[in-house]
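J.: I'd like to ask you about the structure that follows.
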Amino acid sequence: MPEDKSDELRGEIIALETALAAAFGEIAVLRATMQGGGAEIALASMEEMAKQLEASVLRGVVGAEEAGRPQAAAGFERRMELIVHALRNAIAFRAG
6 MPEDKSDELR
16 GEIIALETAL
26 AAAFGEIAVL
36 RATMQGGGAE
46 IALASMEEMA
56 KQLEASVLRG
66 VVGAEEAGRP
76 QAAAGFERRM
86 ELIVHALRNA
96 IAFRAG
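With the working numbering applied, the sequence shown has no gaps in its numbers, which climb one by one up to 101 at the end.
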């Protein structure tokens, strides 16, 4: 794959990861509003989503490895960890 195309795809992936983290933040705010809470409930909701994502990493990696696709497992794990990291950054930003 040409390097220009590879860089373009990396940019798209980063944009999607950032959008996912922002969406999780908005979902947490909506959950907090529905529960009648404020920032504390929103942050707790975001933290719960981060934990759920971390759990999905293990399931995804195991599934890909069982299917005989170790590179897919490695790529999945790496991307999911970056998404969780982006979400945790959003939590820290909102808490700060």
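For each residue, glycine too, the CB sits at the ideal point set by N, CA and C.
Remember, it's a predicted structure, so these values are computed and weren't measured experimentally.
1. Kindly indicate which residue of P75, R84, K56, M51 has the alpha-carbon position closest to the one of L21.
2. Excluding sequence positions up to five away, which residues of its chain have a Cβ less than 7 Å from the Cβ of V34?
3. Check whether the Cβ atoms of L92 and L63 lie closer than 8 Å to each other.
4. Give the DSSP-derived three-state secondary structure of R84 in the structure shown.
5. Between S61 and A72, what straight-line distance do the alpha-carbon atoms span, to the nearest angstrom?
6. Check for me: the alpha helix (DSSP H) holding G73 runs from which residue to which?
7. By how many angstroms is the C-alpha of M39 removed from the C-alpha of I32?
T.: Considering the structure as presented:
1. R84
2. A47
3. no
4. helix
5. 16 Å
6. Premise fails: G73 is in no alpha helix (DSSP H) and is neither H nor E.
7. 11 Å
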